[in-house]
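Protein chains: 2
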Amino acid sequence: MDKELDEKTIGIALLGLGTVGFGTYKVLKAQREEMPHKIGVRLELRHILVRDKEKAARRTGEPALVTDNYDEILKDDKTQIVAELIGGIEPARTYIEKALMAGKHVVTANKDLIAADHGRLLDLAKERHCDLMFEAAVAGAIPVITPLKQSLAANHLTEVMGIVNGTTNFILTKMTQENMEFSEVLALAQRLGYAEADPTADVEGLDAGRKIAIMASIAFNSRVSFENVSMEGIRQISANDIRYAGEMGCVIKLIGMAQCDGSAIEVYVAPMLIPKNHPLASVNDSYNAVFVRGDAVQDVMFQGRGAGELPTASSVVSDIFEVARNIEHGCCGRISCTCYKQLPIVAPENVRSKYFLRVEVEDRIGVLAELTDVFARHKVSVEQIIQKQRTGDSAEIVVITEKVREGDFRKAVQCIADKSGTRRICSTIRVHTL
Amino acid sequence: MDKELDEKTIGIALLGLGTVGFGTYKVLKAQREEMPHKIGVRLELRHILVRDKEKAARRTGEPALVTDNYDEILKDDKTQIVAELIGGIEPARTYIEKALMAGKHVVTANKDLIAADHGRLLDLAKERHCDLMFEAAVAGAIPVITPLKQSLAANHLTEVMGIVNGTTNFILTKMTQENMEFSEVLALAQRLGYAEADPTADVEGLDAGRKIAIMASIAFNSRVSFENVSMEGIRQISANDIRYAGEMGCVIKLIGMAQCDGSAIEVYVAPMLIPKNHPLASVNDSYNAVFVRGDAVQDVMFQGRGAGELPTASSVVSDIFEVARNIEHGCCGRISCTCYKQLPIVAPENVRSKYFLRVEVEDRIGVLAELTDVFARHKVSVEQIIQKQRTGDSAEIVVITEKVREGDFRKAVQCIADKSGTRRICSTIRVHTL
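Protein chains in written order, with our numbering: chain A, 1 to 434; chain B, 1001 to 1434.
Below, the structure written as structure tokens:
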């Protein structure tokens, strides 16, 4: 069973053979000849941990590699790198911890776990002098973690802003380009396999929330976990909102936003009106992109495939190469946790944004004056108030505020909702200012 | 004179205090508090090499750091990192060689030198177990070298395509948005300081040629030097070309292009018609961007500031941090030259492209037939031929070819130019196909 390994071979185990696991398997095969040149060592896939051994044996044609017993992997000293590609919190967390405790380096694509437990796992890796890499956990194929940790290290970063969920970007793009409503496009996306049967994690912003938590932690050198992120999804966005946004020179995107002035961090996921000349505005379909601002770099954007079998595997295997180089040069743990600050997270109600509000009111004289009065009482400065269209005895009003405290804005909206002349609060959407 | 350095301090010397040198000086100051946390060591600026000591002393207020004698730096054992920010071939090359020979690590922003001598300098660095980093040499602030060498290492890359010259992108953007002619915008760019008094290196594509040579070398693991790159600039592009491109759903960009099918490399700089839905099409003004295609990653794009004091310094100082981490972990030379192949470069006449040709001919019956005949005789398949406008007895014809050999196309164009009915070959521009 034990194969002869010369000194220049590093053994790997894959945990999971789903979409990303099988992609990783394929990319490792495709890179077999190149590896020794690229990293100075040969990698040997020694184990694939799965639940269904027969299926995995059929899929790979390599039954000898397949196991359902994790202890086999832990006990194999020649396996130095474990790639966790199962996803979810458990058993992934336990597997990663055990691997690190056994002195094995870990590469993972697991955003759920990293967003929840980034700090603790990195601390454990450091303690064990191991690498723990997770480029694939954020924005799939797009290099984001390495640029943030290394290529942009000479900056005080002030903003990380990303389209980091392909499903919602596909939905919003279709709504924009074909003037469709959310529910129609969601059904289409589900038929095409771009959205899950239960689309909650995508359309409610949870998936984007995990990714912005991870990026914020690295960008601002301060731990931000998933529970720090306030999230708002795109279910409420209608074709009308998108049309009005277009009239204002904007598109609507679901944005993961993290900003830091050096003393506190604002972090949230929300749909936003983005001016068409912003680089993120032309990132369409299922593409992802991350826009970063810093004191030296000014602004920089990374764009590409945020998911998919081979794109995600591109990041996983590049991380494996990086770990292998570190093993070869005896410098594992070279870059570990970079969170050396403990900055507070701004409470959601204190985050300041510019807002777009669409509201349906009774069409009568004085209604605009009443609205402006409510805003004034709640310290919400209004930039524009526009009567859009009348249907029967209803009028549709669009309000654009200045940058205001979210708490003040929400109270003003609640007060408007409670007024007898208000038929419906149609939507409240943040407006990004350049 | 010798300051006390504890073990955890690494000395640096800056060569040059021009735009990038002074930017680097400022960013090192700005990162002073963060450094020990980010890289585990403190960096100490020990020398600044300049020609005019007085001016540099005034500029920095630190006369003790300023020297005009390079030997002082070479002899200082506490200076472990030399940042060469002078540019040009000499004396930069000699300085870098001497630094490496003295066992000092080098960070450089020098595209001229790296494009000419990439391989030899990296070999020397490897021999001396030193790091030689040059992220700032390509596309300024945008992380390109690290992503190509590390984050995308698990790919067979097939295409690197970039807008890597800010001056020409500014000119083409203005021409497009304000319907101006090349010479008008060039004059404006010179007034604004976006173009040099002698704009040759920019508008003839030489600057872009250096950058695409460097990127091609890394992407395809095979040495490509500046002399391998065929270059065409943007002087011939007119407002009419841009207008017609727009009618075809395209914009015109100056593109550094490198493609590799695994057996040979095509590399050139040329203006191109780019479809508006290509990510590069919306990169405007003086922004740079690099678009990369590979078998696993699919496609990915990096966009940002390609020049400027602080943006370029962002890359220089991030490289310095990287070298410092390597020193700290005893793993310098961890990633050295990645050119382990020796692929041939395709001769320019054998490169296959789709072309846009605009020609002014005598307005008479049969002229279109004559043109199509010339193309057929030269094995140039034509996709479209359109009569655009008539002025007096002249007609303007636009021809779009299929993908054809450049040699065949050039001969056909020469043959058309020689015909008595041809008034003028207005322009020949490549068309990018997705």
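C-beta: ideal position from N, C-alpha, C; glycine also.
Between the alpha carbons of Leu-357 (chain A) and Val-203 (chain A) lies a distance of about 20 angstroms.
In this structure, the alpha-carbon of Ile-86 (chain A) lies about 22 angstroms from that of Ile-10 (chain A).
For Gln-1031 (chain B), the closest of B:Thr-1019, B:Val-1020, B:Glu-1044, B:Leu-1124 by C-alpha to C-alpha distance is B:Glu-1044. Excluding sequence positions up to five before and after Arg-235 (chain A), its CB lies within less than 7 angstroms of the CB of Phe-182, Val-203, all in the same chain and listed in chain order. By the rule that beta-carbons nearer than 9 angstroms mark a contact, Asp-1299 (chain B) touches chain A. Not flagged as an interface residue toward chain B: Gly-392 (chain A), since no C-beta distance is shorter than 9 angstroms. DSSP places Ser-1314 (chain B) outside any beta strand (DSSP E); the residue lies instead in the alpha helix (DSSP H), whose first and last residues are 1309-1328. For Gln-259 (chain A), the beta-bridge partners assigned by DSSP are A:Glu-159, A:Glu-266. For the C-beta of Glu-127 (chain A), not a single chain B residue is nearer than 7 angstroms; the gap to the nearest is close to 16 angstroms. Close CB contacts of Val-1346 (chain B) within its chain, under the 6 angstroms cut and outside five residues either way in sequence, are with Ala-1264, Glu-1266 (chain order). At a cut-off of 9 angstroms between beta-carbon atoms, Tyr-340 (chain A) makes contact with chain B. Distance from Gly-40 (chain A) to Arg-325 (chain A) at the Cβ level is roughly 7 angstroms; contact confirmed, criterion being Cβ atoms closer than 8 angstroms. Taking a Cβ-Cβ threshold of 7 angstroms, none of the residues of chain A is close to Gln-1236 (chain B); the smallest such distance is about 28 angstroms. With its beta carbon less than 9 angstroms from one in chain B, Thr-146 (chain A) belongs to the interface. Straight through space, the alpha carbons of Ile-73 (chain A) and Lys-55 (chain A) are spaced by roughly 19 angstroms.
Near chain B, meaning a CB-to-CB distance below 7 angstroms, the residues of the segment 111-144 of chain A are Glu-135, Ala-141, Ile-142, Pro-143. Its chain contains Glu-1406, Gly-1407 as the residues whose beta carbon lies nearer than 6 angstroms to that of Glu-1349 (chain B), once the 5 sequence neighbours on both sides are disregarded; these appear in chain order.
Secondary structure at Asp-71 (chain A): helix, using DSSP grouped into helix, strand and coil. Rounded to whole angstroms, the separation of the alpha carbons of Asp-1373 (chain B) and Gly-1392 (chain B) is 25 angstroms. Restricting attention to alpha helix (DSSP H) runs no shorter than 4 residues, the segment 212-297 of chain A encloses them at 239-247, ordered along the chain. His-1378 (chain B) sits in coil when the DSSP states are folded into three classes, being neither helix nor strand.
Around the C-beta of Ala-1289 (chain B), 16 or more other C-beta atoms lie within 10 Å, and the residue is accordingly described as buried. Using a 10 angstroms sphere on the CB of Gln-1303 (chain B), the tally of other CB atoms reaches 16 or more, which defines it as buried.
Of the residues assessed, Ile-252 (chain A) falls on the buried side of the cut-off, its CB having 16 or more other CB atoms within 10 angstroms. Scanning chain B for C-beta atoms nearer than 7 angstroms to the C-beta of Arg-293 (chain A) yields nothing, as the closest lies near 10 angstroms away. When beta bridges are read from the DSSP output, Thr-9 (chain A) appears opposite A:Arg-42.
The beta carbon of Asp-1319 (chain B) lies closer than 6 angstroms to those of Val-1107, Met-1133, Glu-1135 in the same chain, with the five residues before and after it left out.
If you keep only unbroken beta strand (DSSP E) runs of at least 3 residues inside the segment 51-109 of chain A, you get 79-84, 105-108. With distances taken between CA atoms, Leu-1100 (chain B) lies nearest to B:Arg-1120 out of B:Ser-1394, B:Val-1367, B:Arg-1120. Lys-38 (chain A) has a beta carbon lying within less than 9 angstroms of a beta carbon in chain B.
A check of alpha carbon separations from Cys-426 (chain A) across A:Pro-344, A:Ile-397, A:Asn-277 identifies A:Ile-397 as the nearest. Between the alpha carbons of Val-1269 (chain B) and Asn-1110 (chain B) lies a distance of about 19 angstroms. Annotated as distal: Gly-1256 (chain B) and Ile-1327 (chain B), with beta-carbon spacing of 9 angstroms or more. When secondary structure is reduced to three states using DSSP, Phe-1134 (chain B) falls in the coil class, being assigned neither helix nor strand. Only residues of its own chain outside the window of five on either side were considered, and among them Ser-217 have a CB closer than 6 angstroms to the CB of His-118 (chain A), listed in chain order.
Three or more pairs of CB atoms, one per stretch, sit closer than 8 angstroms, so the segment 240-252 of chain A contacts the segment 168-183 of chain A.
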